[in-house]
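Protein sequences appear in the order of chains A and B.
Numbered according to the numbering used here, the first sequence terminates at residue 716, and the numbering increases by one at each position without gaps.
Numbered according to the numbering used here, the second sequence terminates at residue 716, and the numbering increases by one at each position without gaps.
Ideal Cβ placement from N, Cα and C applies to all residues, glycine included.
Given the structure is predicted, the values throughout are model-derived calculations rather than measurements.
Protein chains: 2
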Amino acid sequence: MKVAILGTGSVGQALAKKILSLDHEIFIGTRNPSNTMENTESDAFGNPPISAWLKATPEVSLVDFKTAVEKGSNLIVFAMSGKHALDCLETVGDSLLNNRVMIDISNPLDFSNGFPPTLSVSNTDSLGEQIQAKYPKLKVVKTLNTMSNPVMVSPSELGSEHTVFMSGNDEDAKVDVAEVLKSFGWNENQIFDLGDITTARGTEMLLPLWLRVFAKVQTPYFNFNLNIKS
Amino acid sequence: MKVAILGTGSVGQALAKKILSLDHEIFIGTRNPSNTMENTESDAFGNPPISAWLKATPEVSLVDFKTAVEKGSNLIVFAMSGKHALDCLETVGDSLLNNRVMIDISNPLDFSNGFPPTLSVSNTDSLGEQIQAKYPKLKVVKTLNTMSNPVMVSPSELGSEHTVFMSGNDEDAKVDVAEVLKSFGWNENQIFDLGDITTARGTEMLLPLWLRVFAKVQTPYFNFNLNIKS
C-alpha cells in the first residue's frame with residue numbers, strides 16, 4: 487500500500503515505523519518539511535524529533551500535507567494534534583479527501599491550562615464528528631485514540647485481553663481499517679466496532695480517564711479491556 | 487453497620503438489596519416516602535418500583551433523606567440521579583454531612599435531549615467535585631459509577647478481570663470504602679484508586695463510552711478492565 491501519515495509527533499512516528507516495517511510505502515505529511523527537518527529538539531514527553539529517524543531512513547519521504555495525501559493513495563493515517571486537525575485538512579482540500587479512507591487517531595486535547603489537558607470539544611460533539619461533518623465524502627474511521635503509541639503498534643505487549651474501539655459511518659472503510667489493525671497485531675476479537683462516527687464522542691471522552699490512569703501507573707503499557715459476560 | 491441509601495431508583499434498589507443481604511441495617515432515603523410508596527410504575531428501563539420490594543421487606547425503612555442520613559450513621563450511599571444530586575443533599579444539610587463517608591455512585595446524566603444522554607457537567611468539572619466543593623467536610627468517595635447495577639453488586643458474574651475505580655480526597659475514607667467493595671465481592675486487585683476527587687472527571691466521562699457499548703452489546707453484564715503490563 488501507499489500510505490499517507492499526517493503528523494510527525496510521537497503518534498505519527500510510531501505509526502510510520504510500524505507501517506514501514508510492514509513493507510508499505512509511506513509519505514509523511516507535515517506543514518513545512520524543511521522546518522520539521524531542522525527541528526532537533528525532543529518533545530515535552532522526551533520523544534526525539536522525527537528528523538533523526540528520517541535522516542537514517544532515506545526511503546521515507548517527508549512532504550507537505552497535500553503531497554502526502556496525493557502520493558499515499560491507499561490510506562490516510564491522521565495523527566495530528568487536535569488543535570491543528572482541521573487546519574491540516576484545509577491545506578489538503580476536499581477534492582483529494584473525497585472517497586478516501588482515513589484512520590483518525592487524533593484527540594481534541596487542550597493543554598492551554600496545563601496537565602492533565604482538557605478536551606477542546608466533548609459531550610455534545612467530537613473531533614471525529616467535526617472532521618466527518620466538514621468532509622462528508624471522506625471515510626473517517628476513528629480508532630487507536632484510546633491508548634499509547636507503543637500499545638497501538640505492539641498490542642501483544644499486553645497480551646490479547648484488551649480492546650481497540652472503532653467508530654465510523656462507512657462499513658467497508660471499517661472492514662479495511664480492521665485489516666490494517668490486524669496487520670499491527672490486533673486480533674479480530676479485540677476490535678470493537680461501536681457504530682457510526684457519533685460514537686467517537688465515547689472514545690475521545692475516555693482520554694480524561696486514560697490520562698489519570700497514566701499519571702498513577704507511570705507506564706504507557708496499559709489499555710482498557712471490554713469484559714463482556716459470555 | 488447502619489447505612490443510609492439515598493435514591494430509590496434501580497441503583498439504590500440494587501445496593502439496598504445487596505447491603506441488606508450482608509446483614510447491615512439500612513435506611514433508604516427519598517424526597518417524599520409516601521409518594522414513593524404510592525408509585526407502582528416501572529421506570530423507563532422496565533425496572534419495578536421500589537415499593538413492591540419494600541412491602542415485602544418490612545425490616546427496611548423508607549424515610550426522608552435527612553432521616554436516612556441521621557439513622558444510617560456509619561455510611562452514606564449516594565445513588566441519586568445527577569439531576570437531583572445537589573438538591574437532595576441540601577435537604578440533609580451541612581451539619582449532618584460533616585465528617586461522614588459517602589460512596590458517590592451518581593453520574594451527571596442529562597436525558598433532556600433523549601438517548602444517549604449527555605453529561606450536565608464534564609471536562610472542566612465533575613459532579614463528584616461539585617458535591618465535595620459544596621460540602622468540604624463530607625468525605626466523598628466516587629466509585630461504582632462506571633458499570634451497571636448488577637455488576638456493582640455481583641462482580642464475580644464477569645470473573646475477576648475487570649476494574650472498579652475510586653476517587654476521593656480522604657485516604658481513610660477510601661480504605662473504608664474499599665472494605666465495602668470487598669464485601670460486595672470485589673477483590674483488592676480489582677480496585678483502582680485514581681487519586682483525589684478531581685479524578686472523578688475521568689470516570690464520569692467514561693459514561694458516554696459505556697452507553698454506546700451498552701447500545702451494542704444489549705446486556706448490562708460488561709465492564710472495563712484496566713490491563714497494565716506487569
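query                                                                                                          : result
CB-CB length for G688(A) against P694(B), believed under 8 Å                                                   : 5 Å
Runs of alpha helix (DSSP H) wholly within the segment 533 to 621 of chain B (minimum 4 residues, chain order) : 536 to 541, 551 to 557, 571 to 578, 580 to 583, 613 to 620
Chain D contact for E643(A) (CB, 8 Å cutoff)                                                                   : The structure shown has no chain D; the protein chains it does contain are A and B.
One or two residues paired with E643(B) in a DSSP bridge                                                       : Partner(s): none; E643(B) has no beta bridge.
Below-8 Å beta-carbon distance, T758(A) vs any chain B residue                                                 : A question about residue 758(A) goes unanswered here, because the residues of chain A that appear run from 487 up to 716.
Candidates S606(A), F564(A), V555(A), T604(A), of which the one nearest L582(A) by Cα                          : V555(A)
Contact set between M691(B) and chain A, taken where Cβ atoms lie within less than 7 Å                         : M691, P694, L695
Secondary structure of K623(B), DSSP reduced to three states                                                   : coil
Chain B residues whose Cβ lies nearer than 8 Å to that of G681(A)                                              : R698, A701, K702
Delimiting residues of the beta strand (DSSP E) encompassing G671(A)                                           : From DSSP, G671(A) is part of no beta strand (DSSP E); its letter is neither H nor E.
Buried versus exposed, by CB contacts within 10 Å (16 or more), A502(A)                                        : buried
Distance CB(M638(A))-CB(L644(A)) smaller than 8 Å                                                              : no
F601(B) at chain A interface by Cβ criterion, 8 Å                                                              : no
Chain B contacts from the segment 656 to 687 of chain A (Cβ-Cβ distance under 7 Å)                             : L680, G681, T685, R687
G493(A) in three-state terms, based on DSSP                                                                    : coil
Partners in chain A for I714(B), counting only beta-carbon separations shorter than 9 Å                        : L644, V699, V703, T705, Y707, F708, N709
8 Å Cβ cutoff met for E647(A) and N713(B)                                                                      : yes
Limits of the alpha helix (DSSP H) - the one that F700(B) falls within                                         : 693 to 703
K702(B) versus L680(A) - alpha carbon distance                                                                 : 7 Å
Contact belief for F513(A) with V563(A) at Cβ below 8 Å, rounded distance in angstroms                         : Actually they do not touch by this definition, with Cβ atoms about 10 Å apart.
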